[in-house]
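Report on the following structure.
This is the structure:
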């Protein structure tokens, strides 16, 4: 299978600290994969390895192979900027650019890639905002500051910003952890709508969320991928004792 | 402590803090009032549009010095601001340890160097080789004084830009240099402009470094390679003169200088209070 995300023998370090141990995983294209596990287990580090954001941290190192939609992300000569253009990312806390309007936030990726035509930008902004289910709420306020929106709207703005550059993959690092239940429900609906067009990987602390939105789930513990499988199966009939302990709340 | 005693201490401390704040602004108010009292009588249209009269005649103005100060400050800002802002950006962003540490330390030392010494520096570096006092030398001396202030405030402001914004930009596939110029610097804009204005206000009133660089001139600006008048210089020259009329003009010049600094600071406030400003 060429498409999707294929990871082999992935190891990652922060300085001397070895945070990911030989992770191997094959994630299906145009599907939602959830990653769960206790804090500090390496799941965020793992998805930051997929778009080469891990190496942005001083002292961070990666070894192993990552193929995203057929491209070897860590091949010599590959430009991380090009990799990140094809792999969108949404962070834990909504982080719209405070000096920009709603519109400018959405099109910033295109604009800084050199696209100037107003019509193209407008079309892209509307499409991305519709995809992020934000269009109806902001279509009359595109000139307002991005940070004047509510927290949930800001997070959807960040999703629209990531979608505007038409990535093939969307990485979501606990996208709902700073949101209230209603905003969370909206984001989850959104994920279900987006999965027909994108490969989505979502890190979450919320196991119900993983169960609701994902087809496959991986469980991380102490830097290792303990178990990976079909979501329903992993939650109802885990193979590994540690997975069972975690999802039944016995530790973590 | 009983509630009554606690309240008494609270009131006492509040008054103490409030009077400290009042004492801090008192010197400025006194200076301003004194300048108004002494200088207002010499402020008239002539003062702003006329050249100084020859020695012995009364009247005339300081128009050349006002223009000169504007030119000197513009030269200093044109040289000092881009260099200082980019330098501050480097200090805030560099992953290297030693060079930024050294640069930061030297900037702090430079900030403490007496301005007359910086004047001598500009004299040796520019006035001697060019064989003459010039506006350029004056602008250069002022730029050197601006540099450490601009570098350090820009660095602090760039540091205040949250890491999450940088990550968001990088994750969008924006190259690092574009992220710095188009995302980080605009976010830190308000703070950087404030720092720049502080630096401009500081150098606008500097006299010592201009004494043997810009030198002063009793006529209009005659080219950047020629001596040029400056308000602080003219105030200095007039204040130590024996003529009453010149003394009054010196007071008026000082008043005009404070007025210029005041306008610049106010303009900076207005510019940076616009919408969508990031870090303050």
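Residue numbers (my numbering), protein chains in the order written: chain C, 132 to 383; chain D, 3 to 282.
Where is the CB? At the ideal position from N, CA and C, for every residue including glycine.
Going by the beta-carbon positions, is the gap between residue 193 of chain C and residue 256 of chain C smaller than 8 Å?
-> No. Outside cutoff.
Listed in chain order, which residues of the segment 185-199 of chain C have Cβ atoms closer than 9 Å to some Cβ of chain D?
-> Cβ contacts with chain D: 187 and 189.
Going by other Cβ atoms of all chains shown within 10 Å of its Cβ, with 16 needed for buried, is residue 245 of chain D buried or exposed?
-> Burial check for residue 245 of chain D: the Cβ neighbour count within 10 Å stays below 16, so the residue is exposed.
Apply the 10 Å Cβ neighbour rule to residue 381 of chain C and answer buried if 16 or more other Cβ atoms are within range, or exposed otherwise.
-> By the 10 Å Cβ count, residue 381 of chain C comes out exposed.
State yes or no: is the beta carbon of residue 229 of chain C nearer than 8 Å to at least one beta carbon in chain D?
-> Nearest CB-CB separation between residue 229 of chain C and chain D: below the 8 Å threshold.
Other residues of its chain near residue 353 of chain C: CB distance less than 7 Å, five sequence neighbours each side excluded = For residue 353 of chain C, where only same-chain residues beyond five positions count, the Cβ hits under 7 Å are 172.
In chain order, which continuous runs of the beta strand (DSSP E) of length 3 or greater are located wholly inside the segment 237-321 of chain C?
-> 300-304, all fully within the segment 237-321 of chain C.
Residues that residue 240 of chain C contacts on chain D, provided the C-beta gap is smaller than 8 Å | Those within 8 Å of residue 240 of chain C in chain D are 174, 175 and 176.
So the alpha helix (DSSP H) residue 220 of chain C belongs to, where does it begin and stop?
-> Counted as a single uninterrupted DSSP element, the stretch harbouring residue 220 of chain C is not any alpha helix (DSSP H) but the beta strand (DSSP E) occupying residues 218-221.
If you draw a straight line from the C-alpha of residue 79 of chain D to the C-alpha of residue 226 of chain D, how long is it?
-> Taking the straight line from one Cα to the other gives about 15 Å.
Taking C-beta pairs closer than 7 Å, name the residues in chain D that residue 220 of chain C reaches, listed in chain order.
-> 173, listed in chain order.
What separation, rounded to the nearest whole angstrom, lies between the Cα atoms of residue 179 of chain C and residue 359 of chain C?
-> Rounded to the nearest whole angstrom, the CA to CA distance from residue 179 of chain C to residue 359 of chain C is 18 Å.
In the structure shown, what three-state DSSP assignment does residue 68 of chain D receive?
-> Helix.
Going by beta carbon distance, what residues of the same chain come within less than 6 Å of residue 231 of chain D, once the five residues before and after it are set aside?
-> Only residues of its own chain outside the window of five on either side were considered, and among them 66, 67, 70, 218 and 219 have a CB closer than 6 Å to the CB of residue 231 of chain D, listed in chain order.
Residue 193 of chain C, DSSP secondary structure in three states = When secondary structure is reduced to three states using DSSP, residue 193 of chain C falls in the strand class.
Specify whether the segment 113-124 of chain D and the segment 135-150 of chain D touch according to this definition: at least 3 beta carbon pairs, one from each stretch, less than 8 Å apart.
-> Yes: at least three Cβ pairs fall under 8 Å.
Would you mind reading off the limits of the beta strand (DSSP E) that contains residue 143 of chain C?
-> Segment 136-145, the beta strand (DSSP E) holding residue 143 of chain C.
Residue range of the unbroken alpha helix (DSSP H) whose run includes residue 2 of chain D = Look at the range of chain D in this structure, 3 to 282, and you will see that residue 2 of chain D is not part of it.
Spatially closest choice to residue 185 of chain C from C/215, C/163, C/161 and C/164, by CA coordinates = Distances from the CA of residue 185 of chain C to each of C/215, C/163, C/161 and C/164 were compared; the closest alpha carbon is that of C/215.
What distance in whole Å lies between the Cβ atoms of residue 124 of chain D and residue 139 of chain D, which are believed to be in contact at a cut-off of 8 Å?
-> Contact holds; Cβ gap of about 5 Å.
State yes or no: is the beta carbon of residue 314 of chain C nearer than 8 Å to at least one beta carbon in chain D?
-> For residue 314 of chain C, the nearest beta carbon of chain D is not closer than 8 Å to its own beta carbon.
Out of D/55, D/37, D/12 and D/191, which has the shortest C-alpha to C-alpha gap to residue 259 of chain D?
-> Minimum Cα distance to residue 259 of chain D is reached at D/37.
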